[in-house]
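Student: Listed in order, the protein sequences are those of chains A and B.
The working numbering puts the first residue of the first sequence at 292, with every later residue one more than the last.
The working numbering puts the first residue of the second sequence at 292, with every later residue one more than the last.
Cβ coordinates follow ideal geometry from the N, Cα and C atoms, glycine included.
These numbers were taken from a predicted model, which means no experiment stands behind them.
Please see the structure below; I have some questions.
Protein chains: 2
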Amino acid sequence: MLHGAPYTITELAEAFEVTARTLRFYEDCGLLDPERRGRTRLYSERDRKRLRLALRGKRLGFSLEEIKEMLDLHHARPGQVTEPDALRARIEAHRARLTQYREDAEIALDWLDALEARLDRLVPGAARRAG
Amino acid sequence: MLHGAPYTITELAEAFEVTARTLRFYEDCGLLDPERRGRTRLYSERDRKRLRLALRGKRLGFSLEEIKEMLDLHHARPGQVTEPDALRARIEAHRARLTQYREDAEIALDWLDALEARLDRLVPGAARRAG
DNA sequence: TCAATATTTGAAGTTAACGTAAACGTTATA
DNA sequence: TATAACGTTTACGTTAACTTCAAATATTGA
Numbered sequence: 292m293l294h295g296a297p298y299t300i301t302e303l304a305e306a307f308e309v310t311a312r313t314l315r316f317y318e319d320c321g322l323l324d325p326e327r328r329g330r331t332r333l334y335s336e337r338d339r340k341r342l343r344l345a346l347r348g349k350r351l352g353f354s355l356e357e358i359k360e361m362l363d364l365h366h367a368r369p370g371q372v373t374e375p376d377a378l379r380a381r382i383e384a385h386r387a388r389l390t391q392y393r394e395d396a397e398i399a400l401d402w403l404d405a406l407e408a409r410l411d412r413l414v415p416g417a418a419r420r421a422g
Numbered sequence: 292m293l294h295g296a297p298y299t300i301t302e303l304a305e306a307f308e309v310t311a312r313t314l315r316f317y318e319d320c321g322l323l324d325p326e327r328r329g330r331t332r333l334y335s336e337r338d339r340k341r342l343r344l345a346l347r348g349k350r351l352g353f354s355l356e357e358i359k360e361m362l363d364l365h366h367a368r369p370g371q372v373t374e375p376d377a378l379r380a381r382i383e384a385h386r387a388r389l390t391q392y393r394e395d396a397e398i399a400l401d402w403l404d405a406l407e408a409r410l411d412r413l414v415p416g417a418a419r420r421a422g
């Protein structure tokens, strides 16, 4: 339970509110690679960090494959980067996508504000906080 | 082709870079409701706007069902809103999700910056713009 | 009018990201 | 030692959001 101790699969799953099945599935996809004591998985801080990044990527709508690519690049050693220009292009694409997402989120938030205002007009008598 | 003219299904599909089949599918889901001349669909500006909103919602990871709910609420008349408190709660949930989303996008963009910097170090000789 | 092109419907297939179930091994403890 | 709690693998099932295909029908240009 101490900080830095390896986590069991259920501990990590509960901490991140995913199922153990999901963690095993992520391992099959190459997102995680926990050590083993016998057959049992033991997750390190590194796995924890990778999982955190993976889940953020997932919330943003990236596929597990894309997430894997980014995580792998993050841990790549000099010799491993075979086509840097292609990678740069992909990073640019991701950046464009994220910028679009951020903009979409802004617009959608404004839209929600308008929607709620409209709801207030449609249903006047309702309770409202901090009006 | 003039502004405001009704669109054929292929025109609208090309304009938004989706397939015609997708537009019919969205109609089945209740997201669109084009008029008909005979059996042929004719899409209005209203459909265009709904489609734009729908695709943004999709990029943001909302399900078609959630998108439909929001679109319907957007066009709802006074009598139609049956459970305003529940709706307000859902709007709040959407807002929280979008706020998280925007934050995730920020963090991911920073992360991409760091990733690219790392790539520059791993592969030094590469071309770089506006360094 | 007639061929070429566009649109329709229905149904079945696809993919990602898991969920669910079966059958089994391992460990703690009463 | 048994029994519960947790872990494992393998394999099949599920859902959303489409795509692909087929076959019929409609529209348009010469």
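The alpha helix (DSSP H) that contains A/T313, what's its start and end?
Tutor: Note, A/T313: alpha helix (DSSP H), A311 to D319.
Student: Give me the DSSP bridge partner(s) of A/Y334.
Tutor: According to DSSP, which records beta bridges pairwise, A/Y334 is partnered with A/Y298.
Student: Please identify, using Cβ separations under 8 angstroms, the residues of the segment 383-399 of chain A that lie next to chain B, in order along the chain.
Tutor: Within the segment 383-399 of chain A, the qualifying residues are H385, R386, L389, T390, Q391, Y392, R393, D395, A396, E397, I398 and A399.
Student: Touching or not, the segment 402-412 of chain B and the segment 360-376 of chain A, by the rule of three or more beta carbon pairs under 8 angstroms?
Tutor: Segments in contact, yes.
Student: Excluding the five sequence neighbours on either side, which residues of its own chain have a C-beta within less than 6 angstroms of the C-beta of B/D324, listed in chain order?
Tutor: Once the five neighbours on either side are set aside, B/D324 has no close Cβ partner at all.
Student: Between the Cα of A/D338 and those of A/Y298, A/P415 and A/R312, spot the shortest distance and give me the residue it belongs to.
Tutor: When each option's Cα is compared against that of A/D338, the closest is A/Y298.
Student: CB-CB under 7 angstroms to A/A311, same chain, minus the five flanking residues each way: which ones, in chain order?
Tutor: Taken in chain order, the residues that qualify are I300, T301 and A304.
Student: Just reading off the beta strand (DSSP E) that B/E326 is part of, what are its end residues?
Tutor: E326 to R328 is the extent of the beta strand (DSSP E) around B/E326.
Student: I'd like to check one pair, A/L322 with A/I358: are the Cβ atoms closer than 9 angstroms?
Tutor: For A/I358 and A/L322, yes; Cβs fall inside 9 angstroms.
Student: At a Cβ threshold of 9 angstroms, is A/L406 touching chain B?
Tutor: Yes, because at least one Cβ of chain B sits closer than 9 angstroms to the Cβ of A/L406.
Student: Quick one: residues in its chain with C-beta nearer than 7 angstroms to the C-beta of A/M292, no 5 flanking neighbours on either side, listed in chain order?
Tutor: With a pLDDT of only 43 at A/M292, under 50, the local geometry of the prediction cannot be trusted, and the value read off the model is given with reservation. Correct list: empty, nothing qualifies.
Student: If I follow the unbroken alpha helix (DSSP H) through A/P375, where does it start and stop?
Tutor: Per DSSP, A/P375 belongs to the alpha helix (DSSP H) from P375 to L413.
Student: Could you say which of A/F307, A/R327, A/C320 and A/L413 lies nearest to B/E374 if we only look at CA atoms?
Tutor: Checking every option, the nearest Cα to that of B/E374 belongs to A/L413.
Student: Are there 16 or more other CB atoms within 10 angstroms of the CB of B/A306, so buried, or fewer, so exposed?
Tutor: Looking at its Cβ environment, which holds fewer than 16 other Cβ atoms inside 10 Å, B/A306 is exposed.
Student: Closer than 9 angstroms between beta carbons: that is the criterion. Which residues of the segment 324-352 of chain A meet it against chain B?
Tutor: Of all residues in the segment 324-352 of chain A, L344, R347, G348, R350, L351 and G352 have a Cβ within less than 9 angstroms of some Cβ in chain B.
Student: For A/E397 and B/R386, I'd like the C-alpha separation in whole angstroms.
Tutor: So the two alpha carbons sit approximately 10 angstroms from each other.
Student: Rounded to the nearest angstrom, what separates B/S335 and B/L344 at their Cα positions?
Tutor: Each residue's Cα considered, the two are about 14 angstroms apart.
Student: Beta-carbon separation of A/E289 and A/C320 under 9 angstroms?
Tutor: In the structure as shown, chain A starts at 292 and stops at 422, and residue 289 of chain A therefore has no counterpart that could be examined.
Student: Where does A/A306 sit, in a helix, a strand or coil, going by DSSP?
Tutor: In this structure, A/A306 counts as helix in the three-state DSSP scheme.
Student: Assign A/L322 to one of three DSSP states: helix, strand, or coil.
Tutor: Coil.
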